[in-house]
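A.B. asks:
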Amino acid sequence: MSVPSCDQTLLLQADFDGELDAAQSAALAAHRASCPSCQQAAADLAALRARLKTEATYHRAPERLRRALAARAAPETAKPAAPWRRMAASFAAGAALAASVALFLAPQPPGLADDVTAAHLRSLQPGHLEDVLSTDQHTVKPWFDGRLDFAPPVKDLAAQGYPLLGGRLDYLDGRPVAALVYGRAKHEINLFVWPEPGADSPPTTTMRNGYNLVHWRAGGMTLWAASDVEKSQLEDFTALWRQEP
Amino acid sequence: MATRPDEEDGRAFEAAILPHLDAAYNLARWLMRNVEDAEDVLQEAMLRALTYYSGFKGENPRGWLLQIVRNAAYASMKLNQGARSVPIAVYAGGEEVPSHRELPDPGDDPEAALLKSRGRQGLDRLLAELPVELRETIVLRELEEMSYKEISQITGAPMGTVMSRLWRARRLLTEAAKAAGGDS
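In order, the protein sequences belong to chains A and B. Every number in the numbering used here is 3 more than the matching position in the first sequence, counting from 1. Every number in the numbering used here is 376 more than the matching position in the second sequence, counting from 1.
(1) Taking C-beta to C-beta, are A/L243 and A/Q140 nearer than 7 Å?
(2) Which bits of chain A does B/W543 rub up against, with CB to CB less than 8 Å?
(3) Do A/G186 and A/L136 have their CB atoms nearer than 7 Å?
(4) Measuring CB to CB, does B/Y524 end up less than 7 Å from A/E22?
(5) Can you tell which of B/S452, B/S540, B/L499 has its C-alpha closest to the C-alpha of B/E509?
(6) Taking Cβ positions, are B/A449 and B/M422 nearer each other than 7 Å?
(7) State the beta-bridge partners of A/E191 as determined by DSSP.
(8) Using a C-beta cutoff of 7 Å, does B/E526 count as contacting chain A?
(9) Below 6 Å CB to CB, which residues in the same chain sit around A/L48 once its five sequence neighbours on both sides are set aside?
(10) For A/F240 and A/A122, which I take to be in contact (beta-carbon distance under 8 Å), what is that distance rounded to the nearest angstrom?
(11) What are the residues of the stretch 16-36 of chain A that lie near chain B, defined by any Cβ-Cβ distance shorter than 9 Å?
(12) Can you say whether A/D10 is buried or exposed, counting buried as having 16 or more other CB atoms within 10 angstroms of its CB?
(13) Between A/D249 and the rest of its own chain, which residues show a CB-CB distance below 6 Å, the 5 nearest in sequence each way excluded?
(14) Tell me which residues share the same chain as A/H190 and place their Cβ nearer than 8 Å to its Cβ, disregarding the 5 neighbours each side in the sequence.
(15) Quick check on B/M535 - is its C-beta less than 7 Å from some C-beta in chain A?
(16) Alpha carbons only, please: which of B/G434, B/L394, B/S430 is nearest the one belonging to B/L418?
(17) Are the beta-carbon atoms of B/R517 and B/L542 separated by less than 7 Å?
(18) Tell me the rounded alpha-carbon separation between B/Y467 and B/P507.
(19) Does any residue of chain A have a CB that is nearer than 7 Å to the CB of B/D398?
(20) At 8 Å on the CB atoms, spell out the chain A contacts of B/L418, in chain order.
(21) What separation, rounded to the nearest whole angstrom, lies between the Cα atoms of B/E551 and A/L127?
(22) Contact criterion: CB-CB distance below 7 Å. Does A/A77 meet it with respect to chain B?
(23) Around the C-beta of A/R67, are 16 or more other C-beta atoms found within 10 angstroms, so that it is buried, or is it exposed?
(24) Does the beta carbon of A/D159 sit closer than 7 Å to a beta carbon anywhere in chain B?
(25) Closer than 7 Å, CB to CB, is B/A391 near chain A or not?
(26) Is it true that the CB of B/Y401 sits closer than 7 Å to the CB of A/H218?
(27) Which term fits B/G439, buried or exposed, when burial requires 16 or more other beta carbons within 10 angstroms of its beta carbon?
(28) Leaving out five residues before and five after B/A545 in sequence, what residues of the same chain have Cβ atoms less than 8 Å from its Cβ?
(29) Name the two residues that bound the continuous alpha helix (DSSP H) containing A/H34.
(30) Given this structure, state the Cα-to-Cα distance separating B/R563 from A/A25, to the nearest angstrom.
(31) Excluding the 5 residues preceding and the 5 following A/L160 in the sequence, name in chain order all residues of the same chain whose CB lies nearer than 6 Å to its CB.
(32) Do you know how far the Cα of A/E238 is from the Cα of A/E247?
(33) Based on the DSSP secondary-structure assignment, which residues constitute the bridge partners of B/W406?
(34) Alpha carbon to alpha carbon, how far is B/P437 from B/R424? Give it in angstroms, no decimals.
(35) Might you give, ordered along the chain, the residues of its own chain that have their beta carbon closer than 6 Å to the beta carbon of A/D260, omitting 5 neighbours on each side?
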């Protein structure tokens with residue numbers, strides 16, 4: 004990607020970024036076939052994107068800040084020191100906001116959804132995401148053998164935009180469970196699976212601390228998907244996962 | 377659960393905005409380039425977001441929040457101007473694109489070997505050294521996967537400017553990465 008020696012360069016880039024309609028894109032493809040400069044530029048664009056995807060740091064909000072935000076009220080006006088406490092105080096000062104602050108103070112009913120959220124959060128700590136790092140379901144599945152007393156269903160959804168990143172063991176509901184990790188852009192989806200007797204149940208979506216959770220039961224397994232992706236996207240993931248044989 | 381209007385607002389805020397906390401922090405962190413300032417900016421941005429949320433009717437909460445973060449970050453950088461603006465001040469003057477020679481050359485750097493073996497730090501560092509208007513554009517495009525239109529709305533730059541900034545950012549990164557031998 005040295006000197007842009009072709010006047011189609013920005014168009015090429017727009018095509019690379021999915022910003023062109025079909026007709027523009029087709030016209031550009033015709034030009035590109037005979038333009039070495041554009042071919043080189045396209046290769047450079049793809050190479051840089053691949054490196055950014057794997058090497059550039061995506062800075063996640065520190066858990067401390069997330070918790071402070073979710074539980075931010077508690078206006079200890081005596082101690083205006085910490086910025087987050089100052090923020091809390093200013094929240095509390097607004098009468099209109101008082102009720103919404105109370106919402107955040109209200110204790111969540113303890114339950115599995117909170118445990119799943121906590122497990123998801125733990126997994127986001129550096130180095131905690133996957134024990135077995137593999138995009139190959141045939142590697143991930145045998146890894147669980149001997150580590151669990153059941154065989155979790157392992158599916159790859161790379162073709163649908165949710166590549167399998169790996170798996171690990173977690174502990175939920177008083178037992179070891181399988182955690183499958185899927186990627187979506189720079190976000191992760193944890194899918195927790197363990198056997199639980201009972202009838203199948205359709206997916207239901209809930210939210211905890213800003214994270215979306217989808218829970219369903221199928222084939223004697225209970226499944227929880229947890230992620231910070233949009234609600235609709237997590238539901239899309241769930242639907243695709245359930246369709247996949 | 378009671379359903380007072382304010383409480384519904386709070387719940388709607390939690391549902392619409394909190395899922396984008398990572399995106400907000402990521403942008404703040406890449407703009408401010410250190411943890412402390414990024415946290416201050418995030419705090420300020422979330423305060424503004426909560427204050428103005430009741431007036432927000434749009435359909436793109438992530439874009440809306442990132443615009444607030446970006447404004448808070450620029451306000452903070454302006455306040456700190458002179459105090460600690462090193463590479464930003466160097467580049468902010470003109471529209472002239474610095475050549476890759478103006479980026480730190482890892483070849484002259486005792487850490488070069490380390491950087492080569494640790495690509496993440498190398499690329500992160502190159503990204504951090506980009507002029508701020510190029511940096512925000514490529515972070516929004518490649519890390520947040522936002523469209524040109526969304527980037528234009530967040531940064532307030534016309535679409536054509538977004539496109540040329542994106543191109544310049546990519547060209548600088550590609551050249552610098554090649555110079556560092558990172559693309560072998």
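For glycine and all other residues, C-beta sits at the position ideal for the given N, C-alpha and C.
C.D. replies: In short, the structure shows the following:
(1) no
(2) P7, T12, L13, Q16
(3) no
(4) yes
(5) B/S540
(6) no
(7) A/G186
(8) no
(9) F19
(10) At roughly 17 Å, the Cβ-Cβ gap does not stay under 8 Å, so A/F240 and A/A122 are not in contact.
(11) Q16, A17, D20, G21, E22
(12) exposed
(13) Here chain A has residues from 4 to 248 only, and residue 249 of chain A is not among them.
(14) S230, D231, V232
(15) no
(16) B/L394
(17) yes
(18) With a pLDDT of only 38 at B/Y467, under 50, the local geometry of the prediction cannot be trusted, and the value read off the model is given with reservation. So the two alpha carbons sit approximately 6 Å from each other.
(19) yes
(20) A64, L68
(21) 33 Å
(22) Its pLDDT being 30, under 50, A/A77 is placed unreliably in this model, and the value from its coordinates should be taken loosely. So no, A/A77 is outside the interface.
(23) exposed
(24) no
(25) yes
(26) no
(27) buried
(28) L506, L510, R511, T513, I514
(29) 25-36
(30) With chain B represented from 377 up to 560, any question about residue 563 of chain B goes unanswered, as that position is not in the structure.
(31) L243
(32) 14 Å
(33) None; B/W406 has no bridge partner.
(34) 14 Å
(35) Any question about residue 260 of chain A goes unanswered here, given that chain A covers just 4 to 248.
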